[in-house]
DNA sequence: CTATCGTCTGATACCGGTATCAACTTTGAT
DNA sequence: ATCAAAGTTGATACCGGTATCAGACGATAG
């Protein structure tokens, strides 16, 4: 079944073209590369022969001498996640425009995978890196430092990494979350469930421990939770740790956690979800408990997807400019490759609260009682 | 602002390690590569020196001599499309397991982009290709033939290409569509809208022209439409060309086309949608017309996403094994690279009809009248 | 008729690995 | 003590490009 299939037949090389055209290798290189000087007749002849032979340059060999691969390394948590898929799309479009290809690796949020990925990409001599890092405070950052030491431009996306200052493109997570939660508070909600809080073995005991948990969490997660706390604090609402999940980030776990909160003596009247799957899990929990939004429970969450607008009723969501994150990151990294050595840039793109109808004024239900 | 930033500082080379260790290049290569024979003391010494210097092999140089890049080229229509994102995830996971990285390019369904992409990937000496081709009957297939001529294994995914027989992994689109439409017919529907039909400047005039349009359409599109026709034919329902869209494949166009159908003298009582965005567009049209499913109109469509299950009511959908498509494609292509020269494989994965509640029995509305 | 400049061209070093080969060392047997 | 075999090592060709350099040739000027 398996046997020695001929090795990929490489297309003709410069030497072969040279031989076929009866000229030296250098002349072919000059004709093709368009540098140096070649007499018009020979150039035309060489070009014709090259075309006839179907000559295509070997990018590997070229990169070998030029030191440029025209390839960008991209490290993401999960390509199938709509957010990252959108980011990748923006990255891809802009990179292509600039003449770069993308080598894409996913890490599933595991630091070890991220380190291996960066090593691999560096070994493959990528010209630049775009990373949504899984690193949190205190983690080993040697892979990022290695990139820096090699002088390979690197842009962080979606998450900042504490202890590593680099170009970055992120969302104003904290402010967006604060605004979103404030909206719910303004609608009269005081018990607001937060899905997904940072993953911990057991729930945080109080605000103090929660703050320290945040400090050790993934940046974007911490920021969103901080925004939630900001809104609560601002409104003088006491923080209840039992309203923040600490489970693994899967749709099923979200559903279970939400279900648990709904069984509380004083259940939440609204939920703030930080990701698409958290939203779906929350909706699922509502469904299995026979509850409806926005009448029984209000809903507001991150990542506006096409579906959100056609739900019944449509969901109020925080829309992240996903493609723009990717596009900006690509711009920055290609700029650095070109030699832009201006100060470190920290782009913060605004998420937009899309008001629809999943948040209901609490009075509507409180009064009738 | 832009200036001469030092070229990426390449990490130490084998020569440098050799010099630092006071041995020859070959000895270092042997120690690192683990081939040939090296005395234990020197090997240990070399390894230590290499580690101290932080030596990392340059994959480019290695690929240069070995002719192997451990990289797969992936050509998709649109990475942000949930279907392709899922496929890519499967592809990525399996490829990683086999030790391959992915160079990903998207074409937006444009043949010219596809040709350029394949050329680029071949130039970069990828070991294998996975392509969701945009080519339809009569198109220039030279890029695919070029891959074959170079002996670079290639697997087609999601779409077959007429006139080019190669390993492929696709879904049983026709049968899945037939089954889905039959479900609706069984529920008493006879006028079923089809969103998205093949893109044409004007609607097909009759079944005959529709058949020829199908022959020139993207394979998967044609198959789904054929499955729709099969179901109609089987049930003895006359085909009405005005129930098949011929618009560009955007959510907005879908919404407009569906809206148009609903304004027909005899509007459809059900819709079959072939893609996520077609489903969303259809839902949007319903919403703007103040109609509800499944009471006013039944719905059934391709691509089960997490959202579909939490819609109210939940949508009956055709679930494609997206990740599996990617995983299988990766298996096949890496197998070919390893030398598997068995017969061409044509994998057909089954889509699964997930029964939920967006298709209602027509009698429920007909009787009360 | 020779000097000088410019154009055109081939030869060649180089990138950083892999892999072959020949030479040298060590060991053990005769 | 001599020699063969095994073990170890360095030198080197090669992959397919890029880029430099110097030589060959032609034309123009003195």
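Protein chains in written order, with our numbering: chain W, 1 to 369; chain Z, 1001 to 1369.
Idealized CB from N, CA, C, for every residue including glycine.
Since the structure is predicted, the reported quantities are computational estimates derived from the model, not experimental observations.
| Item | Value |
| --- | --- |
| Is the shortest distance between the beta-carbon of residue 305 of chain W and the beta-carbons of chain Z less than 9 angstroms? | yes |
| Report buried or exposed for residue 88 of chain W, applying the criterion of at least 16 other Cβ atoms within 10 angstroms of its Cβ. | buried |
| State the Cα-Cα distance for the pair residue 241 of chain W and residue 209 of chain W, rounded to the nearest angstrom. | 10 angstroms |
| For a test of the three-state rule: what should DSSP assign to residue 84 of chain W, helix, strand or coil? | helix |
| Below 8 angstroms, can you find three or more Cβ-Cβ pairs linking the stretch 1148-1166 of chain Z to the stretch 1237-1251 of chain Z? | no |
| DSSP on residue 160 of chain W, reduced to helix/strand/coil? | coil |
| Using a Cβ-Cβ cutoff of less than 8 angstroms, which residues in the same chain neighbour residue 1115 of chain Z once the five nearest sequence positions on both sides are dropped? | 1140, 1142, 1143 |
| Under 9 angstroms between beta-carbons, which chain W residues line up against residue 1251 of chain Z? List them in chain order, please. | 306 |
| For residue 176 of chain W, which of W:246, W:76, W:350 has the nearest alpha-carbon? | W:350 |
| Pull up the distance between the alpha-carbon of residue 1078 of chain Z and that of residue 1329 of chain Z, whole angstroms please. | 18 angstroms |
| What residues match up with residue 1273 of chain Z in a beta bridge as DSSP calls it? | Z:1195, Z:1301 |
| Report yes or no: do three or more beta-carbon pairs, one from the stretch 276-283 of chain W and one from the stretch 1304-1317 of chain Z, lie closer than 8 angstroms? | yes |
| Taking 6 angstroms as the limit between beta carbons, can you name the residues of its chain near residue 1095 of chain Z, skipping five residues before and five after? | 1072, 1102, 1330 |
| To which residues of the same chain is residue 336 of chain W closer than 6 angstroms at the C-beta, ignoring the five residues directly before and after it? | 153 |
| According to DSSP, is residue 1352 of chain Z part of a helix, a strand, or is it coil? | strand |
| Against chain Z, does residue 79 of chain W count as a neighbour if the rule is that its beta carbon must be under 9 angstroms from one of theirs? | yes |
| Along the chain, where does the alpha helix (DSSP H) that runs through residue 1129 of chain Z open and close? | Note, residue 1129 of chain Z: premise wrong, no alpha helix (DSSP H); beta strand (DSSP E) at 1128-1131. |
| Taking the Cβ atom as the reference point for each residue, do residue 85 of chain W and residue 1082 of chain Z lie within a distance shorter than 9 angstroms? | yes |
| When the distance is taken between beta carbons, is residue 1360 of chain Z closer than 9 angstroms to residue 957 of chain Z? | Lying outside 1001 to 1369, the shown extent of chain Z, residue 957 of chain Z is not represented and no answer is given. |
| Hey, how far is the Cα of residue 1345 of chain Z from the Cα of residue 1166 of chain Z? | 8 angstroms |
| Taking C-beta pairs closer than 7 angstroms, name the residues in chain W that residue 1174 of chain Z reaches, listed in chain order. | Chain W residues near residue 1174 of chain Z: none, gap ~26 angstroms exceeds 7 angstroms. |
| Using 9 angstroms as the limit for Cβ to Cβ distance, is residue 1311 of chain Z near chain W? | yes |
| Look at the alpha carbon of residue 47 of chain W and the alpha carbon of residue 27 of chain W, and state the distance between them as a whole number of angstroms. | 11 angstroms |
| Step through the CB atoms of chain W and report whether any lies within less than 9 angstroms of the CB of residue 1165 of chain Z. | no |
| What would DSSP say about residue 1209 of chain Z, mapped onto helix, strand or coil? | helix |
| Give the single residue among W:248, W:59, W:117, W:137 whose Cα lies nearest to the Cα of residue 129 of chain W. | W:117 |
| What residues of chain Z sit near residue 85 of chain W, judged by a beta carbon separation below 7 angstroms? | 1079, 1080, 1085 |
| Using a Cβ-Cβ cut-off of less than 9 angstroms, list which residues of the stretch 1120-1133 of chain Z approach chain W; keep chain order. | 1120, 1121, 1122, 1123, 1124, 1125, 1127 |
| Using a Cβ-Cβ cutoff of 7 angstroms, what residues of the stretch 1092-1108 of chain Z are near chain W? List them in chain order. | 1092, 1101, 1102, 1103, 1104, 1105, 1106 |
| For a quick check, are the C-beta atoms of residue 1132 of chain Z and residue 1171 of chain Z less than 9 angstroms apart? | no |
| Once you ignore the five residues that flank residue 257 of chain W on each side, which residues in its own chain have a CB closer than 6 angstroms to its CB? | 245, 247 |
| Do you know offhand how far residue 35 of chain W's Cα is from residue 18 of chain W's? | 16 angstroms |
| With DSSP collapsed to three states, give me the class of residue 1022 of chain Z. | coil |
| At the 9 angstroms Cβ level, is residue 323 of chain W part of the contact set with chain Z, yes or no? | yes |
| Which stretch, first to last residue, makes up the beta strand (DSSP E) that contains residue 1073 of chain Z? | 1071-1076 |
| Considering only the beta carbon of each residue, do residue 215 of chain W and residue 137 of chain W sit closer than 9 angstroms? | yes |
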